[in-house]
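Number of protein chains: 2
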Amino acid sequence: MVNQMINIGRLIKRADVSLSRQMNDFARQSELTGNQMNIIDYLSRQENMADNQQAIENEFNIRRSTTSIILQRMEKRHLVQRIIDPHDRRKRQVQLTSSAQQLVPTVHAYINGKERRLTDHFSPAELATAARVLRYLEEDN
Amino acid sequence: MVNQMINIGRLIKRADVSLSRQMNDFARQSELTGNQMNIIDYLSRQENMADNQQAIENEFNIRRSTTSIILQRMEKRHLVQRIIDPHDRRKRQVQLTSSAQQLVPTVHAYINGKERRLTDHFSPAELATAARVLRYLEEDN
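Which chain is which? The protein sequence lines are A and B, in order.
Be aware that the first sequence starts at 186, since it is given in the working numbering, and climbs by one per residue.
Be aware that the second sequence starts at 186, since it is given in the working numbering, and climbs by one per residue.
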């Protein structure tokens, strides 16, 4: 019997390690980390290039403490700034600074290039199947 | 245009984080970490329950320095021991100790349980498609 689970779990870890390394290598050219690049990409696609910290935690499934550390470093590097949530003045949001906004085209070009190679290689149905398996594994506790 | 790449890369990271947390939670009951459990599983499936360090690095796609730290901790906890490679007396191998061997049924039961839920849920063809996408992403540099 082939142990499919070991293979998929192992393949997920290996793919994640490889994608993170590739992204870190690319990000380094702009003196960023891969995590910072992912957060810049995420915020660039939100209204007003801003969102609250909780949304970032949920997006990347990372702990509050980890998110705080990453965002503090990004704030120090003037990549994000804290603003008042326009929908609820008691809350704060994290917003891309203008200098981070200048990095957005580079970040998008990288991600779109990766995407193009993936959609050149696999059909939409195949990618949808892969996504369903990944979502199931994430949620099956 | 749906940005499929962002979704897949993000889903891989989220699935990996979730699988690692689940495994760490389970491993803690045997005073292990998820990494240690994965290495026990891997070595349990090798000839003589032993392999060289390089094979472990390749299996999990982790750096030599990271692998060294993990194996040193496992050695201290008497989970692995260094032996002479029976095929090449100039080389060393890492072997499961008898106390780690006692943990193997627990580790296999966990992994097989996860596997069963996955194969109950998806066809072999669907799992093969997911595996192809993951392998492609790992290798597409």
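We put the CB at the ideal spot given by N, CA and C, even for glycine.
Keep in mind that this is a model prediction, so the values were computed, not measured.
Would you tell me roughly how many angstroms separate the C-alpha atoms of residue i and residue j, rounded to the nearest one?
i, j, result
"Ser215 of chain A", "Thr252 of chain A", "21 angstroms"
"Val265 of chain A", "Val292 of chain A", "15 angstroms"
"Ala280 of chain B", "Asp236 of chain B", "First, the amino acid is wrong: residue 280 of chain B is Gln here, not Ala. One C-alpha to the other measures close to 7 angstroms."
"Ala240 of chain A", "His306 of chain A", "32 angstroms"
"Glu311 of chain A", "Tyr321 of chain B", "12 angstroms"
"Asn243 of chain B", "Gln221 of chain A", "28 angstroms"
"Met208 of chain A", "Gly219 of chain A", "5 angstroms"
"Ala285 of chain A", "Arg262 of chain A", "10 angstroms"
"Ser203 of chain A", "Val318 of chain A", "19 angstroms"
"Arg258 of chain A", "Pro271 of chain A", "24 angstroms"
"Met282 of chain B", "Phe211 of chain B", "Note that residue 282 of chain B is Thr in the sequence shown here, rather than Met. If I take the Cα positions, the gap works out to 21 angstroms."
"Ala313 of chain A", "Asn223 of chain B", "28 angstroms"
"Met234 of chain B", "Thr304 of chain B", "27 angstroms"
"Glu260 of chain A", "Gly298 of chain A", "28 angstroms"
"Arg230 of chain B", "Ile269 of chain B", "19 angstroms"
"Glu232 of chain B", "Val289 of chain B", "15 angstroms"
"Ser308 of chain A", "Pro309 of chain B", "18 angstroms"
"Ile254 of chain B", "Ser250 of chain A", "25 angstroms"
"Asn192 of chain A", "Asn246 of chain A", "23 angstroms"
"Arg302 of chain B", "Ile296 of chain A", "33 angstroms"
"Gln287 of chain A", "Gln287 of chain B", "56 angstroms"
What are the boundary residues of the alpha helix (DSSP H) that residue i is part of?
i, result
"Gln231 of chain A", "Careful: Gln231 of chain A lies outside any alpha helix (DSSP H) and carries neither H nor E."
Quick test of your reading: residue i and residue j, contact by CB under 8 angstroms. State the CB separation rounded to the nearest angstrom.
i, j, result
"Ala316 of chain B", "Leu196 of chain A", "6 angstroms"
"Arg274 of chain B", "Arg267 of chain B", "About 13 angstroms separates the two Cβ atoms, so there is no contact after all."
"Asp201 of chain B", "Asp201 of chain A", "4 angstroms"
"Leu256 of chain B", "Gln238 of chain B", "7 angstroms"
Using 10 angstroms around the beta-carbon of residue i, count the other beta-carbons present and answer buried if the total reaches 16, otherwise exposed.
i, result
"Arg213 of chain A", "exposed"
"Ala294 of chain B", "exposed"
"Ile225 of chain A", "buried"
"Glu323 of chain B", "buried"
"Glu300 of chain B", "buried"
"Arg248 of chain A", "exposed"
"Arg199 of chain A", "buried"
"Ser205 of chain B", "buried"
"Gly194 of chain B", "buried"
Check the Cβ-Cβ distances between residue i and every residue of chain D, and say whether any is below 8 angstroms.
i, result
"Ala240 of chain B", "In the displayed structure, chain D is absent; the protein chains listed are A and B."
Exercise. Which ranges would you report for the alpha helix (DSSP H) in the segment 234 to 308 of chain B if only whole runs of at least 4 residues count?
Worked result: 238 to 245, 249 to 261, 283 to 286, 289 to 306
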